[in-house]
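As given, the protein sequences belong to chains E and G, one line each in that order.
Remember, our numbering sits 165 above the position in the first sequence when you count from 1.
Remember, our numbering sits 165 above the position in the second sequence when you count from 1.
One structure below.
Protein chains: 2
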Amino acid sequence: MRPDGRSMRESILAAAVQLFAQYGYHAAPLRDIARIAGIQAASIYHHYPNKQALLVEIMETYMLRLNTSLEHILKEYDDPLQRLHEAIANHIRMHTTYKEEFFIIDTEMRALEEEHRPHILSLRDKYEALLQELLRDGMERGIFRQSDVKIASYAMIAMCTEVATWFRPDGRLSVQQVITIYRQFIAEGLLVLMPDVSRMPDESAHLL
Amino acid sequence: MRPDGRSMRESILAAAVQLFAQYGYHAAPLRDIARIAGIQAASIYHHYPNKQALLVEIMETYMLRLNTSLEHILKEYDDPLQRLHEAIANHIRMHTTYKEEFFIIDTEMRALEEEHRPHILSLRDKYEALLQELLRDGMERGIFRQSDVKIASYAMIAMCTEVATWFRPDGRLSVQQVITIYRQFIAEGLLVLMPDVSRMPDESAHLL
């Protein structure tokens, strides 16, 4: 069933993802991870030195995957709106496909030991920087309105990440439908209905 | 210093907020909460039956406060845009003021025992319902574009909640500046620069 060490590592990692997501890092004992992976508690140390190593590998693997996919989009497409659309779709697809892994990334940062923190934070910074590059370029080319690039990137990441917390594959909307709604919401906001209102947001309250 | 039981309860609750936010619910021992509150570990039981009761009280208190403030806004204002602006400001102010309390609400739902979960979830549902009422009314009155009310409410909550994770009182932007940026982002999105683009988002990629 598991002829090589690599495959056993994967089983252990999958068990760790399951338990960290369900009970939290601190509440998930290493012996339970071993049990679910189907090995003796003592044998787990042949593959990972400790529970922290599992957390670091989960975070690193999926954050790298997210970054690589966004780098690919920035290389593949030149048009800012197309890049934005692809980035939104990619973020939502990754977070709904690897729901538990990204939930751990989002909730267990404080469980990282000091020595691992800078590396993992640098991966998060990298993703934000890529997204900010996309937004800045779109603003400079006159496609996106001038706004605070950092805050726009945080807002986008927050709303697209949160999809994973409520999305159900058997729910009323497909991933693609959710992506379409988010693209419109991010690109145009709630208000773009009447040109007069969209051009004069501050005065609109008095016009009604 | 603490002449009555109520004030000791507050000290215990403040200590719980501090430790739950710093280490997580499961990793925060009740004896440390007692120590920080300045009482004997055994005496804590005169005020709260167990650690779970502390978690429930933190969640209930601040979720109720959030709901009450949004209900107040819906009563106070009639114009949908004004209501939206006030709701965004209120959400961001509450989450930056009671940063640790809302961080606990957002990350420790799974730590709630079965018997307390329905009540706390109903408070969250209530807040979403109030926000959805605001959005639906704005769409029906032709101020907001027709879109998925539920998803728009989730997206708004996610992005405004996340401000608490990066906002620093001594940072480059004040709370009010952040609120202004978020209002524009939510109402108008990233793209509202050129009327042609905002009216034809799907074709714009080909026009450039």
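Every residue, glycine too, gets a C-beta built ideally from N, C-alpha and C.
With 8 angstroms as the C-beta to C-beta threshold (strictly closer), list the residues of the segment 274–285 of chain G near chain E in chain order. R275, A276
Does DSSP put E:P214 in a helix, a strand or coil?
One-based indexing of the first sequence puts residue 214 of chain E at position 49. If DSSP states are grouped into helix, strand and coil, E:P214 belongs with coil.
Report yes or no: do three or more beta-carbon pairs, one from the segment 229–236 of chain E and one from the segment 246–263 of chain E, lie closer than 8 angstroms?
-> yes
Query raised in the report: Leaving out the 5 sequence neighbours to the left and right, which residues in its chain are closer than 8 angstroms to E:P283 when beta-carbon positions are compared?
Result: Translated into the one-based positions of the first sequence, residue 283 of chain E becomes position 118. Here the set comprises nothing.
Practice problem: For the segment 285–314 of chain E, enumerate the residues whose C-beta is nearer than 9 angstroms to any C-beta of chain G, in chain order. | Solution: L300, G303, M304, R306, G307, I308, F309, R310, Q311, S312, D313
task: Anything in chain G within Cβ reach of E:F350, meaning under 8 angstroms, just list it in chain order.
output: The count along the first sequence starts at 1 and reaches residue 350 of chain E at position 185. Neighbours of E:F350 on chain G, chain order: S312, I316, A317, A320, G354.
Starting from the Cα of E:S318, find the closest Cα among E:I346, E:L295, E:H260, E:T330 and give me that residue. Looking up residue 318 of chain E in the first sequence gives position 153. It is E:L295.
Report the rounded CA-to-CA distance for E:V340 versus E:R348, giving the unit in angstroms. In the first sequence, the residue the question calls residue 340 of chain E occupies position 175. In the first sequence, the residue the question calls residue 348 of chain E occupies position 183. Taking the straight line from one Cα to the other gives about 12 angstroms.
| task | Indicate whether the contact test is met: 3 or more Cβ pairs, each with one atom in the segment 272–279 of chain G and one in the segment 196–211 of chain G, closer than 8 angstroms. | result | no
Name the two residues that bound the continuous alpha helix (DSSP H) containing E:L115.
In the structure as shown, chain E starts at 166 and stops at 373, and residue 115 of chain E therefore has no counterpart that could be examined.
Report the three-state DSSP secondary structure of G:T192 (helix, strand or coil).
Along the second sequence, one-based indexing puts residue 192 of chain G at 27. Reading off the sequence shown, one finds Ala at residue 192 of chain G, where the question assumed Thr. Note: G:A192 maps to coil in three-state DSSP.
Could you tell me the distance, in whole angstroms, from the CA atom of E:R337 to the CA atom of G:K315? In the first sequence, the residue the question calls residue 337 of chain E occupies position 172. In the second sequence, the residue the question calls residue 315 of chain G occupies position 150. Approximately 11 angstroms, taken between the alpha carbons.
### Query
So E:Y188 packs on E:Y227, CB below 8 angstroms; how close in whole Å?
To locate residue 188 of chain E, count along the first sequence from 1; it is residue 23. To locate residue 227 of chain E, count along the first sequence from 1; it is residue 62. About 19 angstroms; that fails the 8 angstroms criterion.
#### Entry: Residue burial classification, G:D243 (beta-carbon count within 10 angstroms, cutoff 16)
Numbered from its first residue, the second sequence carries residue 243 of chain G at position 78. That one is exposed.
Supposed close pair E:I223, E:A181 - CB separation, criterion 8 angstroms: Position 58 of the first sequence, counted from the first residue, corresponds to residue 223 of chain E. Position 16 of the first sequence, counted from the first residue, corresponds to residue 181 of chain E. About 7 angstroms; that satisfies the 8 angstroms criterion.
Practice item. Express the C-alpha separation of E:I322 and E:A352 in angstroms, rounding to a whole number. Key: Reading the first sequence from its first residue, position 187 is the one you call residue 352 of chain E. Reading the first sequence from its first residue, position 157 is the one you call residue 322 of chain E. Whole-angstrom Cα-Cα distance: 14 angstroms.
Taking DSSP as the reference, what is the three-state secondary structure of G:I346?
-> Walking along the second sequence from the start, residue 346 of chain G turns up at place 181. In this structure, G:I346 counts as helix in the three-state DSSP scheme.
Starting from the C-beta of G:D197, find all residues in its chain whose C-beta is less than 7 angstroms away, skip the five residues before and the five after it, and write them out in chain order. Within the second sequence, the letter at position 32 stands for residue 197 of chain G. Around G:D197: L184.
Query - chain G contacts from the segment 209–239 of chain E (Cβ-Cβ distance under 7 angstroms) - result: none
Review point. So, are the CB atoms of E:R310 and G:L239 less than 8 angstroms apart?
Key: Mapped onto the first sequence, residue 310 of chain E falls at position 145. Mapped onto the second sequence, residue 239 of chain G falls at position 74. Contact flag unset, no.
If we call anything under 8 angstroms between Cβ atoms a contact, is G:A320 one with E:M324?
Numbered from 1 along the second sequence, position 155 holds the residue referred to as residue 320 of chain G. Numbered from 1 along the first sequence, position 159 holds the residue referred to as residue 324 of chain E. Contact: yes.
Option in G:E280, G:I204, G:I346, G:F268 with minimal Cα separation from G:T330
Working through the second sequence from its first residue, we reach residue 330 of chain G at position 165. Ranking the options by Cα distance to G:T330, first place goes to G:F268.
- Query: What do you reckon, are the CB atoms on G:L235 and G:Y292 nearer than 8 angstroms?
  - Reply: What you label residue 235 of chain G is simply residue 70 of the second sequence in a count that begins at 1. What you label residue 292 of chain G is simply residue 127 of the second sequence in a count that begins at 1. Closer than 8 angstroms, so yes.
(request) Keeping to the same chain, check which residues put their C-beta closer than 8 angstroms to that of G:L195; ignore five residues upstream and five downstream. (result) Numbered from its first residue, the second sequence carries residue 195 of chain G at position 30. If we look at G:L195 and ignore the five residues flanking it on each side, its Cβ neighbours are A206, I209, N215, K216.
Check your understanding: How is G:F332 classed by DSSP in three states: helix, strand or coil?
Key -> On the second sequence, position 167 is the one that residue 332 of chain G refers to. If DSSP states are grouped into helix, strand and coil, G:F332 belongs with coil.
**Report entry** Beta-carbon neighbours of E:T272, restricted to chain G and to distances below 7 angstroms
**Finding:** By 1-based counting over the first sequence, the position of residue 272 of chain E is 107. What E:T272 touches in chain G: T272.
#### Entry: CA-to-CA distance, G:L288 to G:V328, given in whole angstroms
Here residue 328 of chain G corresponds to residue number 163 of the second sequence, with the count starting at 1. Here residue 288 of chain G corresponds to residue number 123 of the second sequence, with the count starting at 1. Distance between the alpha carbons of G:V328 and G:L288 is about 21 angstroms.
**Asked** How long is the line joining the alpha carbons of E:E241 and E:R306, rounded to whole angstroms?
**Response** As a working mapping, residue 241 of chain E is identified with position 76 in the first sequence. As a working mapping, residue 306 of chain E is identified with position 141 in the first sequence. The alpha-carbon atoms of E:E241 and E:R306 are separated by roughly 18 angstroms.
- Item | Range of the contiguous alpha helix (DSSP H) that encloses E:F267 | Here residue 267 of chain E refers to the residue found at position 102 when the first sequence is read from its first residue. Start and end: 264–272.
Is it right to say G:D290 is buried, meaning 16 or more other beta carbons lie within 10 angstroms of its own, or is it exposed? Counted from its first residue, the second sequence places residue 290 of chain G at position 125. Its Cβ having fewer than 16 others within 10 Å, G:D290 is exposed.
Original post:
Helix, strand or coil for G:I204 per DSSP?
Top reply: The sequence position of residue 204 of chain G within the second sequence is 39, counting from 1. G:I204 falls in the coil class under three-state DSSP.
Checklist entry - Roughly how many angstroms lie between the CA atoms of E:L178 and E:E266, to the nearest whole one? => result Counting from one through the first sequence, the residue named residue 178 of chain E turns up at place 13. Counting from one through the first sequence, the residue named residue 266 of chain E turns up at place 101. Roughly 10 angstroms between the two C-alpha positions.
query = Which chain G residues are close to E:M173, counting only those with a beta carbon under 9 angstroms from its beta carbon?
reply = Residue 173 of chain E sits at position 8 when you count from the first residue of the first sequence. What E:M173 touches in chain G: nothing, since even the nearest Cβ is about 28 angstroms away.
**Request:** Determine the contact status of E:G303 and E:L249, defining contact as a CB-CB distance below 8 angstroms.
**Result:** Counted from its first residue, the first sequence places residue 303 of chain E at position 138. Counted from its first residue, the first sequence places residue 249 of chain E at position 84. Result yes, Cβ atoms of E:G303 and E:L249 sit closer than 8 angstroms.
**Message:** With a threshold of 8 angstroms between beta carbons, is G:G336 in contact with chain E?
**Reply:** Locating residue 336 of chain G in the second sequence gives position 171, counting from the first residue. It does not; no Cβ of chain E falls within 8 angstroms.
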